[in-house]
Amino acid sequence: MFKRNLTAAAVALAFPGAAFAQDADLSKVREEMKQMKGDYEQRIQALENRAKAVESGAGKSESAFNPAVSLILQGTYATTKEDPNTYQITGFVPSGGEVGPPKRSFDLGESELVLSASVDPYFRGHLVAALTPENEVEVEEAYFQTLALGKGFTLKGGRFLSGIGYQNEIHQHAWDFQDAPLPYKAFLGGRLNQDGLQLRWVAPTPFFLEFGAEASSGEQFPGTDRNKNGVNGGSAFAHLGGDIGPSYAWRAGVSYLRTTAENRVYDDVDSTGGAVTNSFTGTAKMWIADAILKWAPGGNAARTNFKLQGEYFQFKQDGTLTYDDSGGNAVFGTVTGPFNTDQSGWYAQGVWQFMPRWRVGYRYDQLSDGTVSNGIVSSGLGPVAADFPVLGNHSPSRNTAMIDWSPSEFSRLRVQYAADKSRMGVTDNQIIVQYILSLGAHGAHKF
Amino acid sequence: MTRLRIVLAAAVLIVAAPAAAALGIFACEPEWGALARELAGDRASIYVATTALQDPHRIEARPSLIARARSADLIVCTGADLEVGWLPLVLTQSGNARIQVGQPGYFEAARHLALIEVPARLDRSLGDVHPAGNPHVHLDPRNIGKVAEALSSRLAALDAANAGYYRERSKQFLVRWQEAIARWEMQGAALKDLPVVVYHRDLSYFINWLKLREAGALEPKPGIPPGAGHLGELLAQLKRQPAKAVVRAAYNDPRPAEWLSERAKIPVVTVAYTVGGTEQATDLFGLFDDTLARLLAVAR
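Shown next, in the form of structure tokens:
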């Protein structure tokens, strides 16, 4: 009010005549101003309409059909007591995957390029290509998914992360630790992605009940490519889940996997250090039980939340093993005998967001080497237990702790420490610093 | 054999019963659940996926949501990317063809509205910007009216047997709603130019409607949690240009608002944001009555 009076006074001083202007003049000025105001309003309206037209027109260009694109950038800096190149999980047939800790010093992780869009009203397409630090491109996932089957059915085909277990379907950049739990490393080579078909059915129940079955080429560990017609690997899973009040959500499941391996090769050394190639032919069967419980006060995860997750694996292989040292000392040449394993493993982890942006987590994982009956050794065909050092009697375990900081939803920095007893008789202390950035389209994350 | 038949019959009943009873509506947010209740009355069974105490940007595709979406006839959401973090997964995993994007069972409120704060530049250095514009559309009651018209014709199209019922209810609702808007605008005139600090850009439509003045935001950028540095700057700014209140939605972290309130000596007003956010906001009318009452209390 005071300001307005001041302005009026200033105007009066600047234009002494104005203060004495006649009523007729005043009303004329008012009329002009009113006209100007109306004029501007009309112009603004016209501009707004034009803006709207431009907006709605933008959606009509060809590029509007481009798939949603997102890019994940990640990398690590690692310090490890033991040489990551000689990493092994003693007591277990090597799974062939890249399961060791990251390279020492700086190491670029896999950069993931994700493209996804609706194909038409019936299908959705999805591609995840990983650009590896070795300058290769790997197709991690490339699948179609039906949209229109209805009645709770969804069919997926192509290459996809299998629905077995809990963590298997979670992309690496969404993991709560830098690496996979030990049973995933030992029994699935980190994770199972396979070429095949997956059918899922969600039951029409108020709680979550889902069944799924997969048929695949069975090429991934524990299977191998067999150059054979038909289905070479299969799996089935069931999930049950729901909410407990507004603050808790959970899911539990069981999964079964059966696949066949033909000449699945792994390298070892004999008791004198000579190179040996072992190859397994036979069937592999796996049971997994998984559970996850998430807590957020009132269901609002923005400030604090807690996540408890665990899985148990039972893994059996039945077949024959062929020992071949012809590439090394050539003492026994090629020896074949029956080979059976019955092993298990589990992990449990908890991750707590104690304030916005900050989370801490702890994981314990353990493997039990169970029974490994090696017919070559027991029937005295030549090679002895010492010629199979990878299969030494050892039950690995590991303690992992991590803290991560997420400046926004799209970036995360993590420090992870692990005391890793994967190798017999050694504790590998690993410190890993990791960054994960996600650019582009806002992807939805799985529960 | 007879026992098996009884079991089978029971199973069929359990499975078929909810579908036969009423139109199954899955509402992504409480405001659309409340609107569907106004428009469909007892002809629909409505499941509301989220509560007013949950940050709408931080919802997860929980198993329970997939289960509910599985059997829904109609999904009513905000759109404009508000549900981008969870809804696409719920839709594809539900195996429900009727509620997929583009189907009659998929309803997006934002499609029927002109959005404000459409970013001129799309760059995440500006925070978690929504390309289509600000998606928190329901706090302008005139938007609710527009969505009500569109939603009621969708209900009539999906459930033709009750089309007349929906039309009648919608007509009655809109009459009451227009009266209420006139009342709120009269009361709200006292809020004109009221300078307020907000938490996130989730009250923009309300501010825009009653011409309040946004004097600052606790979040430095959309989706970036308030930090000490930014709050300090905001406090300094408020010393030069004082605001009347810090307004936060019920789901926002109370601490940054309290921190600022204490130092800037201005009250915190906790508004419902949506139906269920406060005890008084039991329906859409209550939501606006209560929000206005709380703001008018500090405007005086």
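Heads up: the sequence lines are chains P and S, in that order. The numbers in the numbering used here rise by one with no breaks, and the one at position 116 of the first sequence is 116. Convert by adding 1000 to the 1-based position in the second sequence; the result is the number in the numbering used here. Here a beta-carbon is modelled for each residue, glycine too, at the ideal position from N, C-alpha and C.
Item	Value
Candidates Gly299/P, Asn300/P and Gly282/P: which alpha carbon is nearest Arg319/P's?	The sequence given here places Gly at residue 319/P; Arg does not occur at that position. Measuring from the Cα of Gly319/P, the nearest candidate turns out to be Gly282/P.
Out of curiosity, what's the CA-to-CA distance linking Arg1058/S and Ala302/P?	6 Å
Along chain P, which residues have their Cβ under 7 Å away from the Cβ of Tyr1251/S?	Asn300
Should the segment 260-275 of chain P be regarded as contacting the segment 209-222 of chain P, the criterion being three or more beta carbon pairs within less than 8 Å?	yes
Spell out whether any CB of chain S is found under 9 Å from the CB atom of Lys151/P.	yes
Under 9 Å, Cβ to Cβ, is there at least one residue of chain P near Asp1202/S?	no
Do you know offhand how far Gly165/P's Cα is from Gly350/P's?	17 Å
Which first and last residues belong to the beta strand (DSSP E) in which Ala1052/S is found?	Premise fails: Ala1052/S is in no beta strand (DSSP E) and is neither H nor E.
Roughly how many angstroms separate the alpha carbons of Leu240/P and Leu1091/S, rounded to a whole number?	18 Å
Just how far apart, CA to CA, sit Arg1294/S and Ile436/P?	42 Å
Return no unless some Cβ of chain P is closer than 9 Å to the Cβ of Arg1070/S.	yes
For Leu1023/S, count neighbouring C-beta atoms within 10 Å of its own C-beta (all shown protein chains included) and say buried if the count is 16 or more, exposed if not.	buried
Going by C-alpha to C-alpha distance, which of Val69/P, His445/P, Thr76/P and Val415/P sits closest to Leu108/P?	Thr76/P
Would a check of beta-carbon distances place Phe71/P closer than 9 Å to chain S?	It is worth fixing the name first, because residue 71/P is Leu in this sequence and not Phe. No, Leu71/P lies away from the interface with chain S (no Cβ there is under 9 Å from its Cβ).
Does the count of Cβ pairs from the segment 1131-1143 of chain S and the segment 1092-1112 of chain S closer than 8 Å reach three?	yes
Span of the alpha helix (DSSP H) holding Gln1178/S?	Ala1163 to Gly1188
Ends of the beta strand (DSSP E) at Trp295/P?	Ala275 to Trp295
Please look up how many angstroms separate the CB atoms of Val69/P and Gly440/P, rounded, as I've assumed it's under 8 Å.	5 Å
So what's Phe1206/S in DSSP terms, helix, strand or just coil?	helix
Please determine if the segment 1051-1065 of chain S and the segment 1271-1278 of chain S are in contact, where contact requires at least 3 C-beta pairs separated by less than 8 Å.	yes
Work out the CA separation of Gln353/P and Tyr1251/S for me, nearest whole Å.	17 Å
Whose CA, out of Ala1156/S, Arg1176/S, Pro1222/S and Leu1235/S, lies closest to the CA of Arg1043/S?	Ala1156/S
By Cβ distance, which residues of its chain are closer than 6 Å to Ser116/P, with the 5 residues on each side in sequence left out?	Pro67, Ala68 and His126
Quick one: list the residues of chain S neighbouring Phe447/P, beta-carbon separation under 7 Å, in chain order.	Glu1060, Ala1061, Arg1062 and Pro1063
Between Val1246/S and chain P, is the shortest Cβ-Cβ distance under 9 Å, so that the two count as touching?	no
Going straight from the alpha carbon of Ala21/P to that of Asn1134/S, what length do you get?	Any reading at Ala21/P must be qualified, since the residue scores a pLDDT of 48, below 50, and its modelled position is unreliable; no value is offered.
DSSP state of Gln1241/S, grouped into three classes?	coil
Can you give me the C-alpha to C-alpha distance between Arg43/P and Gln35/P, rounded to a whole angstrom?	12 Å
Under a Cβ-count criterion, where at least 16 other Cβ atoms within 10 Å of its own Cβ denotes burial, should Phe65/P be classed as buried or exposed?	exposed
Three-state secondary structure (DSSP) at Phe65/P?	helix
Spell out the partners DSSP gives Ala1027/S in its beta bridges.	Val1048/S and Val1076/S
Would you kindly work out how many angstroms separate the C-alpha atoms of Gln1103/S and Ala1163/S, rounded to a whole number?	19 Å
Let me see if you follow: with CB-CB separation under 9 Å, is Asp268/P close to chain S or not?	no
Is it the case that the segment 386-402 of chain P contacts the segment 422-436 of chain P, given that we only count it when at least three CB pairs across the two stretches are under 8 Å?	yes
Whole angstroms are fine: how far does the CA of Leu1074/S sit from the CA of Ser1152/S?	12 Å
I'd like to confirm the pairing. Which residues does DSSP put opposite Ser454/P in its beta bridges?	Here chain P has residues from 1 to 447 only, and residue 454/P is not among them.
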